[in-house]
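Number of protein chains: 2
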Amino acid sequence: MAEKKQLKRKGSIMSVRDDVKVLDCTIRDGGLCNNFNFSDEFIRELYETNIKCGVDYMEFGYKASTRLFKESDFGKWKFCKEEDIRSIVGDNPSDMKISVMADVGRCDYKIDFLPKKESVIDMVRVACYIHQIPAAIQMINYLHDLGYETCCNIMAVSTVNLLELEEALQMVCQSHVDVIYLVDSYGSLYPETTSRFTEIYLSYAEETHKMLGFHGHNNQNLAFANTIEALSYGISYLDATCQGMGRGAGNCAMELLLGFLKNPKYNIYSLLQFIEKYMIPLKEQGVKWGYDLQYLFTGQLNRHPRAAIAFTRDNRDDYFEFYKEMLEDTY
Amino acid sequence: MAEKKQLKRKGSIMSVRDDVKVLDCTIRDGGLCNNFNFSDEFIRELYETNIKCGVDYMEFGYKASTRLFKESDFGKWKFCKEEDIRSIVGDNPSDMKISVMADVGRCDYKIDFLPKKESVIDMVRVACYIHQIPAAIQMINYLHDLGYETCCNIMAVSTVNLLELEEALQMVCQSHVDVIYLVDSYGSLYPETTSRFTEIYLSYAEETHKMLGFHGHNNQNLAFANTIEALSYGISYLDATCQGMGRGAGNCAMELLLGFLKNPKYNIYSLLQFIEKYMIPLKEQGVKWGYDLQYLFTGQLNRHPRAAIAFTRDNRDDYFEFYKEMLEDTY
């Protein structure tokens with residue numbers, strides 16, 4: 001186990017920290033709410049909005065295997081083909097970088113990624129579960145050699161035992177990865193537990209000069225709170241989405257995060273116009289996400305939100321019965 | 332300035348702390364959303380629910396002056412007459428205590444409070460602004476002498492300069508008050524700033540053996556996060572409301588708080604039934620509260636929510652224009 005330094009806040013609530021990067025994953029995590037069926041206009045406006053708001057990275061979606069997933073079942077942002085991204089951004093003349101996510105075991109990374117110099121993608125975020133760490137590292141090193149920035153997003157760590165997690169962190173820190181993400185997949189972390197996980201991640205990342213990121217979920221209305229707690233203790237890469245759009249209870253809302261950060265490069269003006277014009281209609285069309293009791297239950301119980309998502313899809317409102325089902329099903 | 336001890340968490344996320352008390356203020360803060368027009372059935376069921384859930388205090392409303400406020404303009408819980416509370420609770424044979432709130436300058440406390448032994452009310456929470464501290468102390472000492480437990484809820488402290496706040500805390504700590512509340516009236520605190528305010532309050536309260544409480548608002552989706560941060564650093568009295576019902580963006584949701592606390596006396600079963608049967612219909616009838624962009628703005632700007640409440644009442648959805656109005660109106 002790496003030596004733990006005493007956990008201290010990095011700077012204060014007024015600090016501008018140059019290490020901080022905001023990543024918009026509205027299309028990627030929000031795409032899980034509507035099968036990635038966004039109009040090109042939506043994506044183009046979001047791209048322009050993010051640039052105006054000072055967002056550092058915009059994630060366009062997944063790079064999923066077309067052998068495992070039928071293209072006709074999803075919008076194109078499940079696959080993020082080079083030509084589709086370019087149809088929105090051209091050569092991306094902006095300062096904002098472009099990322100995609102690729103799940104270990106659900107992508108064909110040796111086929112689907114061009115060498116970086118031929119691609120408009122800047123960063124690939126490799127998502128994996130703890131048992132897939134060796135596969136993730138292979139993928140990360142391969143993508144690094146192609147010229148990409150890489151992240152390792154280890155999912156569902158709230159259910160992983162600490163010994164395994166620390167081994168995984170040690171291994172990932174020996175790879176070519178640039179950023180390691182603390183991912184609260186189930187929305188089960190509290191600010192206090194977030195700070196303790198941050199401490200563990202920092203103890204490995206700092207000595208190998210890796211950056212850290214945080215990706216929250218809003219099951220207990222804590223996605224923003226946990227994000228700024230993680231930030232205050234030294235995590236640099238912060239995921240957020242417009243109005244928190246994301247699977248189930250959704251994510252940290254971009255408007256909360258940009259309003260909090262003190263770096264004058266960030267502002268929410270254009271984001272508010274985007275929300276009025278594109279996000280509110282999306283909700284009115286029936287696309288569902290956001291905090292509600294069913295997600296609170298799975299968050300509190302540290303469980304995958306799938307049962308809560310089904311509860312929502314079925315338009316149930318018998319919260320009490322659902323909670324009982326959850327408890328019966330826990331062990 | 333009192334000596335500050337180094338800020339440390341009291342116990343861990345698993346601790347059962349006997350000093351912790353949960354106070355339901357659904358009728359009192361929620362009453363601001365519907366002019367206190369709750370049915371007797373609603374109040375009676377909430378009372379039974381709170382008892383079943385292990386809630387420690389239930390606040391029935393305000394003890395407002397009938398000379399300043401016309402009784403016909405409000406539901407009866409704006410005034411909390413002894414006979415109205417007794418019509419719900421009888422002699423309150425439960426372990427749960429009953430509180431009311433009284434605003435300095437908006438109540439006739441020398442007329443309207445019976446001696447404690449003739450009243451079913453256990454605790455009076457005296458709400459004041461910083462300039463009313465001397466008046467609050469007079470009132471607290473008077474009510475203490477009548478036999479009541481007392482709280483001092485100093486409102487809007489996020490806009491008070493620290494020198495005044497520390498003087499106020501010192502004065503209040505010399506009174507007969509039992510509990511001093513840190514009140515985030517504008518929902519402008521973050522977990523980090525909550526912990527720093529907690530540190531200041533503790534430095535005065537601990538040496539005079541006063542208890543502390545926290546009352547949050549959800550403007551930035553942080554009411555629950557701030558409540559459990561305050562708790563973790565030693566605040567004992569925690570305000571919450573069913574589904575966060577309360578003025579504007581609302582409060583810390585009781586279901587989040589009870590699900591978090593580890594004391595087995597607390598549970599959310601009955602609360603879920605109450606929510607299904609009474610809270611969801613309330614929302615369906617058009618009673619409005621809860622996080623939305625307009626409240627985020629006033630929270631971020633550390634402002635009274637009245638403009639955001641008007642925005643909501645007028646069914647506006649031009650968030651961008653409203654934000655510009657807010658900024659023009661700041662100084």
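The listed protein sequences derive, respectively, from chains A and B. Quick note on numbering: the first sequence equals residues 1 to 331 in this note's numbering. Quick note on numbering: the second sequence equals residues 332 to 662 in this note's numbering. The beta-carbon is built from N, C-alpha and C at its ideal position, and this holds for glycine as well.
Below-8 Å beta-carbon distance, residue i vs any chain A residue
i	result
N492 of chain B	no
E376 of chain B	no
S567 of chain B	no
T692 of chain B	Outside the displayed range of chain B (332 to 662) lies residue 692 of chain B, so it cannot be described from this structure.
L513 of chain B	no
S563 of chain B	yes
F410 of chain B	no
Y600 of chain B	yes
R644 of chain B	no
I311 of chain B	Residue 311 of chain B cannot be examined here, being either before or after the span of chain B that is shown, 332 to 662.
From the options, residue whose alpha carbon lies closest to that of residue i
i	options	result
E615 of chain B	B:R359, B:R417, B:N365, B:D422	B:N365
G617 of chain B	B:K655, B:N368, B:R417, B:V503	B:N368
D360 of chain B	B:F405, B:N582, B:I442, B:E372	B:N582
Q574 of chain B	B:Y622, B:N594, B:H540	B:Y622
P281 of chain A	B:F405, B:D648, B:Y564, B:F444	B:D648
R17 of chain A	A:Y266, A:K324, A:L114, A:K81	A:Y266
K8 of chain A	A:I200, A:N315, A:I309	A:I200
G544 of chain B	B:Q551, B:Y568, B:Q625, B:A536	B:Y568
L363 of chain B	B:A580, B:F605, B:D415, B:I606	B:A580
C173 of chain A	A:D91, A:K210, A:L222	A:K210
G147 of chain A	A:E118, A:E167, A:V160, A:N161	A:E118
E372 of chain B	B:H507, B:F605, B:M657	B:F605
G259 of chain A	A:G11, A:C53, A:T26	A:C53
E586 of chain B	B:P595, B:A571, B:N594, B:R578	B:A571
P134 of chain A	A:S175, A:I111, A:A156, A:V120	A:S175
Y109 of chain A	A:I137, A:N221, A:N219, A:M245	A:I137
G329 of chain B	B:T490, B:V451, B:K619	What the structure shows of chain B is the stretch from 332 to 662, and residue 329 of chain B is not part of that stretch, so it cannot be assessed.
C438 of chain B	B:W408, B:S396, B:I419	B:S396
R346 of chain A	A:K78, A:F60, A:G11	The structure shown does not extend to residue 346 of chain A, since chain A is modelled only from 1 through 331, so no value can be given for it.
E207 of chain A	A:N221, A:Q220, A:M171	A:M171
Neighbouring residues, chain B, relative to residue i (Cβ below 7 Å)
i	result
I200 of chain A	Those do not exist, as I200 of chain A stays about 15 Å from chain B at its closest Cβ, beyond 7 Å.
L296 of chain A	E586, L587, G590
I309 of chain A	Correct list: empty, because the minimum Cβ distance to chain B is about 19 Å.
Contact set between residue i and chain A, taken where Cβ atoms lie within less than 9 Å
i	result
N423 of chain B	Chain A residues near N423 of chain B: none, gap ~26 Å exceeds 9 Å.
E372 of chain B	In chain order: nothing, as chain A lies at least about 19 Å away.
CB contact check: residue i to chain B, cutoff 8 Å
i	result
F74 of chain A	no
A225 of chain A	yes
M1 of chain A	For M1 of chain A, the predicted structure reports a pLDDT of 47, less than 50, and the residue's modelled location is therefore unreliable. A value from the coordinates is still provided. No, its Cβ sits nowhere closer than 8 Å to a Cβ of chain B.
R9 of chain A	yes
R316 of chain A	no
Y357 of chain A	Nothing about residue 357 of chain A can be read from this structure; chain A reaches only from 1 to 331.
L272 of chain A	yes
N221 of chain A	yes
Y62 of chain A	no
Q300 of chain A	yes
R142 of chain A	Just to set this straight, residue 142 of chain A is Tyr in the shown sequence, not Arg. So, not an interface residue.
I13 of chain A	yes
Interface residues of chain A facing residue i [CB-CB closer than 7 Å]
i	result
D350 of chain B	Within chain A, no residue comes near D350 of chain B; the closest Cβ sits about 18 Å away, beyond 7 Å.
E560 of chain B	P191
Closer than 8 Å at the beta carbon, the chain B residues around residue i
i	result
E276 of chain A	D648, D649, Y650, F651
Proximal residues of chain A, C-beta to C-beta of residue i below 8 Å
i	result
L624 of chain B	E255, L272, I275
Neighbouring residues, chain B, relative to residue i (Cβ below 9 Å)
i	result
Y323 of chain A	I599, Y600, L603
Whole beta strand (DSSP E) elements within the region 457 to 536 of chain B, 3-residue minimum: Counting whole runs of 3 or more residues, the region 457 to 536 of chain B contains the beta strand (DSSP E) stretches 480 to 485, 510 to 514.
Below 8 Å, how does it come out for the region 344 to 359 of chain B and the region 394 to 404 of chain B: are there three or more Cβ pairs, yes or no? Flag = no, the region 344 to 359 of chain B and the region 394 to 404 of chain B do not touch.
To test your reading of the DSSP string, which unbroken beta strand (DSSP E) runs of 3 or more residues are found completely within the region 66 to 129 of chain A? Qualifying beta strand (DSSP E) stretches, in chain order: 97 to 103, 123 to 128.
What are the start and end residues of each continuous alpha helix (DSSP H) run of 4 or more residues lying completely inside the region 3 to 65 of chain A, in chain order? Runs found: 26 to 34, 40 to 53.
Just checking, does the region 41 to 58 of chain A make contact with the region 554 to 563 of chain B on the three C-beta pairs under 8 Å criterion? Touching, no.
What are the start and end residues of each continuous alpha helix (DSSP H) run of 4 or more residues lying completely inside the region 544 to 614 of chain B, in chain order? Counting only runs of 4 or more, we get 554 to 563, 585 to 591, 600 to 605.
Decide yes or no for the touch test of the region 522 to 533 of chain B against the region 632 to 642 of chain B: beta carbon pairs closer than 8 Å, at least 3 of them. When Cβ pairs closer than 8 Å are counted between the two stretches, the region 522 to 533 of chain B is seen not to touch the region 632 to 642 of chain B, the count staying below three.
State whether the region 123 to 130 of chain A contacts the region 88 to 108 of chain A, with contact taken as three or more CB pairs (one from each stretch) at a distance under 8 Å. The region 123 to 130 of chain A makes contact with the region 88 to 108 of chain A; the number of CB pairs closer than 8 Å reaches 3 or more.
Could you tell me whether the region 511 to 522 of chain B touches the region 147 to 155 of chain A, where touching means 3 or more Cβ pairs closer than 8 Å? With the cut-off at 8 Å, the region 511 to 522 of chain B and the region 147 to 155 of chain A do not touch.
Between the region 651 to 659 of chain B and the region 623 to 631 of chain B, are three or more C-beta pairs nearer than 8 Å? Counting C-beta pairs closer than 8 Å gives three or more between the region 651 to 659 of chain B and the region 623 to 631 of chain B, which meets the contact rule.
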